[in-house]
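To keep things clear, I will list the structure first and then write my remarks on it.
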Amino acid sequence: MREEGLSLSETMRRFNINCLGIIKRWKRIYLEEGPEGLAVERRGRKNTGQPAKLPKEI
0 MREEGLSLSE
10 TMRRFNINCL
20 GIIKRWKRIY
30 LEEGPEGLAV
40 ERRGRKNTGQ
50 PAKLPKEI
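Numbering of the sequence shown is given in numbering that gives the first Met the number 0, commencing with residue 0 and proceeding in unit increments.
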């Protein structure tokens with residue numbers, strides 16, 4: 000993107016990605032962690048740290 004001077008929307012079209020948020024996230028990760036950061040698989044949301052709810056006894 001940076002090397003070719005593409006905008007976010009041009010990058011979306013080139014890689015057939017419909018969500019601008021994905022491109023923005025990838026760009027942020029790349030700027031913070033470099034290319035190695037994009038190789039790490041990130042799945043879902045982070046744990047909130049709240050304990051699991053226990054079922055109520057009847």
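Don't be surprised by glycine CBs; every beta carbon is placed ideally from N, CA and C. All values derive from a computational prediction rather than experimental measurement.
In the structure shown, Pro50 adopts coil according to DSSP, grouped into three states. Secondary structure of Leu30 (DSSP, three-state): helix. Under the three-state reduction of DSSP, Glu9 is assigned to helix.
When only Cα atoms are considered, Gly4 and Glu40 end up about 26 angstroms apart. Just measuring C-alpha positions, the residue of Glu9, Asn17 and Tyr29 sitting nearest Ala38 is Tyr29.
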